[in-house]
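For reference, the structure is listed below as structure tokens.
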Amino acid sequence: MSETAKIELNGKMYEFPVVEGTENEKAIDITKLRQETGYITIDSGYKNTGATLSAITFLDGEEGILHYRGYPIEQLAEKASFIEVAYLLIYGSLPTQAQLDDFTSNITKHTLVHEDMKQFFEAYPAKAHPMGVLSSMICSLSTFYPESLDPNRSPEAKNLTILRLLAKLPTLAAWAYKNSMRHPFMYPKNGYDYCKNFMHMMFAMPTEDYDVDPVVVDALNKLLILHADHEQNCSTSTVRIVGSSQANLYATISAGISALWGPLHGGANQAVIEMLEKIHNDGGDVDKWVLKAKDKDDSFRLMGFGHRVYKNFDPRATIIKKACDDVLEKLQINDPLLAIAKKLEKVALEDEYFKSRSLYPNVDFYSGIIYRALGIPTEMFTVMFALGRLPGWIAQWKEMIEGGEPIGRPRQIYTGATTRDYVEINKR
Ligand code: ACO
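Mind the numbering: the sequence shown is residues -6 to 421 in our numbering, read in order.
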């Protein structure tokens, strides 16, 4: 007999099925809980809630394992291209050469954005945070492609929107940066690959070409792969829940970008560098800042430390730490922030407070230092994360839509005032 879970409520026993995943993860299926018992569950922050069954990404936080569609992240980061990984996540298998060529050429065809969108950029203040600009621009794409408003229109229309998003996000991201500098926009170069083209749009000028270093392209490719998906995190859950209302994909991804922006999520990479700069400018006394992080009366946290799911180590951080050393050595950059980061990591990892709470460096602890080495400004770091995460968001949305999942709509336990009569203002 298959495993079940029993709940006893008011002397009555209820039985619920247990679901097991392909990697032996187990869950109690409470789909019928309210219907049968009248009760719901409370799980603030969804720490114990499986919102869906998913065949995209597997991660084991205790063992530090991360797989995309069964492939270990270490192998993909070492050997694959970001576009290949995007194909894998979205369509479920590694592409053949013909499929990859076709996918690449289809993305390349759509890299331009409508010229009218330039006027939107011009209307933003120069100091506008690029994440705010990007989120709005991605949502605005829906107004140029009204056929995308119905996400179920046809498989071809759905795929066209996916290709457009993959093609246009780098253009819009680079233009957000150019606009913040009040520099002229650089048009995409379709002869370049995805990463090289992005660096070209970021750093070339109409007056001079930007010679893209292959070391930079390789590092960017690796970083984007490492960020490409991470199962049901805050922004991905946002994407799935917004998409479940049948909102169009542009609006849905725009919501994901907004969720990613927060410093407890993708915004941590910017916050890490700002923290390292602060420690550096303050004289580099790492112990002082570790003490602050442990002080419950101090709101300071060590940014880039801790993770909701990884409680041993973040496998992405291990790869990034090595990539960071490689890039800085190859580009011959001596960044004092790297020395502070390493010292901070060492002190924190030996400290009882961090050990007892399983707080380890996460993916964002070292990624910012690589982005700095590549010349990416700090405010663009979370935009870089969004570039990497896009295929994951799309894959998760596609799985949700094609799986016919119902609209996401959690319940609550009400704790407010009980029924009372309205009192007119002059009698209050
Ligand atoms: N510095 C100091 N203390 C910390 C930190 C930190 N970075 N992270 C967690 N703690 C402490 C908490 O104060 C809490 O202590 P307590 O048990 O004494 O109250 C304990 O560790 C557990 O922390 P929670 O906030 O309950 O853990 P949760 O799983 O809810 O949060 C999170 C995880 C948001 C990542 C948290 O560790 C954090 O704020 N880290 C810093 C921000 C960061 O790097 N975010 C990026 C995450 S990776 C990503 O999204 C791509």
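Where a beta carbon is used, it is the ideal one built from N, C-alpha and C, also for glycine.
Between V11 and N17, the alpha-carbon positions lie close to 11 Å from each other.
In this structure, G381 lies near L216, with their beta-carbon atoms less than 9 Å apart. Counting every other CB atom within 10 Å of its CB across the protein chains shown gives S292 a total below 16, marking it as exposed.
Across the structure, S98 and L156 are spaced so that their CA atoms are roughly 10 Å apart.
Between L219 and I313, the beta carbon gap of about 6 Å places them in contact (Cβ cut-off 8 Å). The Cβ-Cβ distance between F298 and Y359 does not fall below 9 Å. Of the heavy atoms belonging to ligand 1, none sits nearer than 8 Å to the Cβ of H103. Between K304 and the set G4, A20, I58, S86, the nearest pair of CA atoms involves I58. Per DSSP, Y359 is not a residue of any beta strand (DSSP E); the alpha helix (DSSP H) it occupies stretches across 357 to 366.
The closest heavy atom of ligand 1 lies less than 8 Å from the beta carbon of G259.
Residue burial is scored here from C-beta neighbours: Y346 has fewer than 16 other C-beta atoms within 10 angstroms and is therefore classed as exposed. A(-2) sits in a strand when the DSSP states are folded into three classes.
A residue is called buried when at least 16 other Cβ atoms come within 10 angstroms of its Cβ; T164 meets this threshold and is buried. Straight-line measurement puts the Cα of L127 at about 35 Å from the Cα of K336. Ranking G277, E338, K285, V283 by CA distance to the CA of F306 puts E338 first. Contact annotation: S135 and L153 have beta-carbon atoms that are not nearer than 9 Å. Taking the Cβ of P308 as the reference point, every heavy atom of ligand 1 lies at 8 Å or farther away. In the pairwise beta carbon analysis, the stretch 114 to 124 is classified as touching the stretch 170 to 180: at least three pairs are separated by under 8 Å. Taking V208 as the centre and dropping the five residues before and after it, the same chain places the C-beta of V320, K323, L324 closer than 7 Å to its C-beta, in chain order. Here Y61 carries a strand assignment [DSSP, helix/strand/coil]. A distance below 9 Å separates the beta carbons of L158 and I246. In the structure shown, D414 falls within a coil segment according to DSSP collapsed to helix, strand and coil. For K289, the shortest C-beta to heavy atom distance toward ligand 1 is below 8 Å. Contact between the stretch 175 to 186 and the stretch 403 to 414 is absent, with fewer than three C-beta pairs closer than 8 Å. With contacts defined by Cβ atoms closer than 9 Å, D357 and A261 form a contacting pair.
As for any beta strand (DSSP E) of minimum length 3 sitting wholly inside the stretch 280 to 341, there is none. Beyond the five residues adjoining it in sequence on each side, L46 comes within less than 6 Å, by CB distance, of no other residue in the same chain.
Under the DSSP assignment, V106 falls outside any alpha helix (DSSP H); it carries neither an H nor an E label.
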